[in-house]
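Structure first, commentary second.
In this note's numbering, the protein residues as written are 4 to 532.
Written as structure tokens, this is what we have:
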């Protein structure tokens, strides 16, 4: 239109005059073309009309549907989507957790196996590995202020396993026949566990636990022999067999005590007092010797306890009951034991002197008194003391007099009864260990002398100088009682027997007091000492 008008203004006049004819021609041509198109394409026009009608209907339906969607369906969909999110949030969270668990399955399995691995290591003695696993488990909780429940549960089981390890290590200290390597290992791991602390007081507590455990083992090892010894000590009327058994049990007891206490001392010294600088904790310049200064008194106290609680009470009870012949070997054994302990600072030889002086005095005095009692009983039987006819009758008119045994029948050799030998005046003292020949003429006195000499020969092997005065007093008392009994017999013989028996009795008395008594005293004082 405007462009066409502008185009017309550009035409020349002839062209402009011919423009209506051109336009008419073009109009006829277009009309002809449209007519032809109408005849040839009428199905298309019909289809287009139908399509246009359908499109209008569809657009109206679409408009209605969109309006319904905007007003009703979309709010409902939004509400449903919001509810679905709420309903599926927990499921999604569980699925996320399951996915995380699945992704971390290997790590979680390794974490859950730590307590079981620690238990296995503890049961098999791999304590270093057990401590390493426990340290790893604890390090996992250091990165968070509130560890998860599974980690808390694992740490609780780990702590229980470490407690079992502690009990196992402490039980090792109480196990008998444990040698130094096992005890060294147990104490070192107790130090690494740091359950007693790393201060000197903690080391002292470990040392006390060690001594307590080994003390229990020592008691258990001594219990059998101690029970046998105390059973014999508590019995009445010990015979020679029982005394020999007691000496045998005592020797075993001393050997077990020596081995046990020596092991404890050497083990304690090696583990606690001879630790290398690399194995000990760093010391400050102000406290270089604090652990040792507190541990040395522990060892000293324990050795004193082991001596005074286990050895000396048994020795003080049994030594006085043993025969003199067994004492030298026991003294040799104990001296060897004390000498061995002297190398570790426990020389108790000074204590043995008093014990064995008492034991020797008791044994020798008992044998001397027993021999004297037998002599007195023999003389009383020969005297024939007045006795009641019946144990239930005590009236002086209901007594009987036992017949006197004549001296010629028992106290002298029968072939010498007619001329009883008498000691020469003055008597010439012979060797202190050789009995006078005249004693052979009086068999009871010779037997009595032989009993004394047997005792003194046993004393010769172990004769403490400190008890000489005591033994002399005991011997004098026994000889005095024996002499009184013999003197009473001689007096009765002089009153009732014939002159010949009187001579025999008097000669026997002279031999006893002039020969026998001086010889026995010299045999003790000069022959033994």
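Ideal Cβ placement from N, Cα and C applies to all residues, glycine included. Keep in mind that this is a model prediction, so the values were computed, not measured.
By how many angstroms is the C-alpha of residue j removed from the C-alpha of residue i?
| i | j | result |
| --- | --- | --- |
| residue 291 | residue 333 | A caution first: residue 291 carries a pLDDT of 40, below 50, which makes its placement in the model unreliable, though a value can still be read off. Each residue's alpha carbon lies about 44 Å from the other. |
| residue 501 | residue 523 | 31 Å |
| residue 344 | residue 222 | 19 Å |
| residue 6 | residue 81 | 55 Å |
| residue 379 | residue 489 | 8 Å |
| residue 541 | residue 79 | There is simply no residue 541 to check, as the chain begins at 4 and stops at 532 in what is shown. |
| residue 53 | residue 94 | 54 Å |
| residue 516 | residue 486 | 7 Å |
| residue 514 | residue 413 | 15 Å |
| residue 168 | residue 193 | 9 Å |
| residue 88 | residue 152 | 29 Å |
| residue 443 | residue 423 | 12 Å |
| residue 20 | residue 38 | 29 Å |
| residue 420 | residue 234 | 51 Å |
| residue 214 | residue 106 | 53 Å |
| residue 40 | residue 50 | 15 Å |
| residue 183 | residue 309 | 19 Å |
| residue 352 | residue 340 | 9 Å |
| residue 518 | residue 445 | 12 Å |
| residue 196 | residue 101 | 38 Å |
| residue 348 | residue 109 | 59 Å |
| residue 186 | residue 263 | 14 Å |
| residue 492 | residue 245 | 36 Å |
| residue 17 | residue 34 | 26 Å |
| residue 120 | residue 208 | 29 Å |
| residue 406 | residue 387 | 6 Å |
| residue 306 | residue 350 | 10 Å |
| residue 60 | residue 75 | 22 Å |
| residue 188 | residue 129 | 11 Å |
| residue 456 | residue 433 | 15 Å |
| residue 200 | residue 277 | 20 Å |
Could you check whether residue j and residue i sit closer than 8 Å to each other, using their CB atoms as the reference points?
| i | j | result |
| --- | --- | --- |
| residue 320 | residue 257 | no |
| residue 475 | residue 531 | no |
| residue 381 | residue 438 | no |
| residue 417 | residue 507 | no |
| residue 137 | residue 173 | no |
| residue 451 | residue 374 | yes |
| residue 441 | residue 511 | no |
| residue 301 | residue 260 | no |
| residue 534 | residue 342 | Nothing can be reported for residue 534: it is not among the residues displayed for the chain, which extend from 4 to 532. |
| residue 217 | residue 267 | yes |
| residue 118 | residue 160 | yes |
| residue 435 | residue 525 | yes |
Could you pull out every residue in the same chain whose Cβ sits closer than 7 Å to the Cβ of residue i, ignoring the five residues on either side in sequence?
| i | result |
| --- | --- |
| residue 287 | Per-residue confidence for residue 287 stands at a pLDDT of 41, beneath the threshold of 50, marking its modelled position as unreliable; the derived number appears in the next sentence. Counting only Cβ-Cβ distances below 7 Å, and skipping sequence neighbours, we find nothing. |
| residue 77 | none |
| residue 409 | 500, 504 |
| residue 232 | 249, 252, 253, 256, 317, 321 |
Whose C-beta lies closer than 8 Å to the C-beta of residue i among residues of the same chain, with five residues either side of it excluded?
| i | result |
| --- | --- |
| residue 22 | 11, 14 |
| residue 363 | 327, 330, 462, 465, 466, 467, 470 |
| residue 358 | 315, 318, 319, 322 |
| residue 114 | 140, 143, 153, 154, 157 |
| residue 219 | 177 |
| residue 520 | 482, 486 |
| residue 368 | 473, 474, 477 |
| residue 497 | 505, 508, 509 |
In terms of residue numbering, what span does the alpha helix (DSSP H) encompassing residue i cover?
| i | result |
| --- | --- |
| residue 264 | 243 to 271 |
| residue 475 | 471 to 499 |
| residue 53 | 45 to 71 |
| residue 200 | From DSSP, residue 200 is part of no alpha helix (DSSP H); its letter is neither H nor E. |
| residue 423 | No alpha helix (DSSP H) contains residue 423, which DSSP labels as neither H nor E. |
| residue 516 | Residue 516 -> no alpha helix (DSSP H), and no H or E assigned at all. |
| residue 9 | 5 to 12 |
| residue 377 | 352 to 386 |
| residue 349 | Residue 349 -> no alpha helix (DSSP H), and no H or E assigned at all. |
| residue 108 | 108 to 126 |
| residue 437 | Careful: residue 437 lies outside any alpha helix (DSSP H) and carries neither H nor E. |
| residue 157 | 152 to 176 |
| residue 464 | Neither: residue 464 is in no alpha helix (DSSP H) and is coded neither H nor E. |
| residue 321 | 315 to 321 |
Taking only heavy atoms of the ligand PLP into account, decide whether any of them is closer than 7 Å to the Cβ of residue i.
| i | result |
| --- | --- |
| residue 138 | The ligand PLP is absent from the structure shown, which contains no ligands of any kind. |
What does a CB cutoff of less than 6 Å around residue i pick up in its chain, not counting 5 residues either side in sequence?
| i | result |
| --- | --- |
| residue 250 | 325, 329 |
| residue 275 | 210, 298 |
| residue 393 | With a pLDDT of only 36 at residue 393, under 50, the local geometry of the prediction cannot be trusted, and no value is derived from it. |
| residue 370 | 458 |
So with Cβ pairs under 8 Å, would you call residue i a contact of chain B?
| i | result |
| --- | --- |
| residue 345 | The displayed structure is made up of one protein chain only, and chain B is not part of it. |
Quiz item: Do the region 155 to 164 and the region 117 to 137 make contact, defined as three or more Cβ pairs closer than 8 Å?
Solution: yes
Exercise. Mind the definition here: the region 263 to 275 touches the region 227 to 245 only if three or more C-beta pairs lie below 8 Å; say whether that holds.
Key: no
Quiz item: So, do the region 139 to 154 and the region 189 to 205 have three or more beta carbon pairs nearer to each other than 8 Å?
Solution: no
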